[in-house]
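Quick notes on the structure that follows.
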Amino acid sequence: MTLQQQWESEVYQGQFGEFTITTSDRTGVIVYRSGLVLAALSFAMGSAIVLLQGDNPTFLTLLTPLYALFCLALGVSLVAIHIYMESLHRLLQLFWGIGAIAAIVIGFSSSEPLLLSIYDRPTTLFGIGFTFVALTGVYFKEAFCFNRLETKFLTPLVPMLLLGHLTGILPIAGERVLLGIWTVLFIVFALRKVIQPIPPDIGDKSVFAYLKDKSSVNS
71 MTLQQQWESE VYQGQFGEFT ITTSDRTGVI VYRSGLVLAA LSFAMGSAIV
121 LLQGDNPTFL TLLTPLYALF CLALGVSLVA IHIYMESLHR LLQLFWGIGA
171 IAAIVIGFSS SEPLLLSIYD RPTTLFGIGF TFVALTGVYF KEAFCFNRLE
221 TKFLTPLVPM LLLGHLTGIL PIAGERVLLG IWTVLFIVFA LRKVIQPIPP
271 DIGDKSVFAY LKDKSSVNS
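The opening position of the sequence shown corresponds to residue 71 in our numbering, with each subsequent residue numbered one higher.
This is the structure in structure tokens:
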């Protein structure tokens, strides 16, 4: 028996019945985690530029493609993520879409690097900030489902930093500290996801089946 056959023959007991995990399920988890790792790495590189080379125009030009990579990778993860509530899943995707469209508009309407434009005009967070609302939703989901310590800090930290910058109540030094903590914890979170067993990320497929059947009956 091959490893794939062994996976697909293993039966799990869910809340509403038995289920098996397919190769497609596992591939979806790998895609989800790969997106998170790529998003975390691109975010870390961008943060390093801001924190270490923030006054260097040459390095600042790299922020826009790094943000594009971060945003794209997060979008892929939001497609592949397993969330029991389909409405919440779609809402996070909608938030990501609003933020992505806002980033494109800001990027094409400004001669400055994207993130420099956002930093200089905090009100742009009313648009692009939706991407980080979606990211915070991922952190919250992971904190709720897996009790991950780093995501318990990330869930309030992200809105604290963005709202602090939007309202102007955070000093620059405070923003830099929070950005550094965010970066480190995001990398820790993504790397820990890589080594986590796959089945927990798939979840209880019997719940998905139950909710789908219930939705079909109601419609």
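Think of the CB as a built atom: it goes at the ideal place given N, C-alpha and C, for glycine as much as any other residue. Here the structure is a predicted model, which means the values were calculated and not measured.
{"Item": "Unbroken alpha helix (DSSP H) run spanning T193, endpoints", "Value": "Segment: none, T193 is in no alpha helix (DSSP H) and carries neither H nor E."}
{"Item": "Sequence-distant residues of its chain with Cβ nearer than 6 Å to S157 (five each side left out)", "Value": "none"}
{"Item": "Any chain B beta carbon closer than 8 Å to A109", "Value": "Of the protein chains in this structure there is only one, and it is not chain B."}
{"Item": "Assigned secondary structure, T131 (DSSP; H/G/I helix, E/B strand, else coil)", "Value": "coil"}
{"Item": "Straight-line Cα distance separating S147 from L38", "Value": "Lying before the first or after the last residue shown, residue 38 is absent from the chain, which here runs from 71 to 289."}
{"Item": "Whole-angstrom distance between Q85 and V120, CA atom to CA atom", "Value": "47 Å"}
{"Item": "Simplified DSSP state of T90, which is helix, strand or coil", "Value": "strand"}
{"Item": "Beta-carbon proximity list for P267, same chain, < 7 Å, skipping 5 on both sides", "Value": "none"}
{"Item": "Test item: CB-CB of T253 and S117 under 8 Å", "Value": "yes"}
{"Item": "Rounded distance between the beta-carbons of A213 and T201, thought under 8 Å", "Value": "Contact doesn't hold; Cβ gap of about 19 Å is too wide."}
{"Item": "Residue environment, I193, which counts as buried when at least 16 other CB atoms sit within 10 Å", "Value": "Residue identity check: residue 193 is Thr in the sequence provided, not Ile. It counts as exposed."}
{"Item": "V81 vs A150 beta-carbon contact at 8 Å", "Value": "no"}
{"Item": "Residues bridged to V81 [DSSP beta-bridge criterion]", "Value": "T90"}
{"Item": "When N217, A204 and A110 are compared against F140, the one with the closest alpha-carbon", "Value": "A110"}
{"Item": "Residues near H152 by beta carbon distance below 7 Å, same chain, minus five either side", "Value": "D271, I272 and G273"}
{"Item": "Cβ-Cβ distance between T128 and P183 below 8 Å", "Value": "no"}
{"Item": "Limits of the unbroken alpha helix (DSSP H) element including M230", "Value": "L219 to T237"}
{"Item": "A243 burial status per 10 Å Cβ neighbour count (16 or more: buried)", "Value": "exposed"}
{"Item": "Closest by C-alpha distance to V247, when choosing among G169, S179, A204 and L122", "Value": "L122"}
{"Item": "Burial state of V264 (16 or more Cβ within 10 Å)", "Value": "exposed"}
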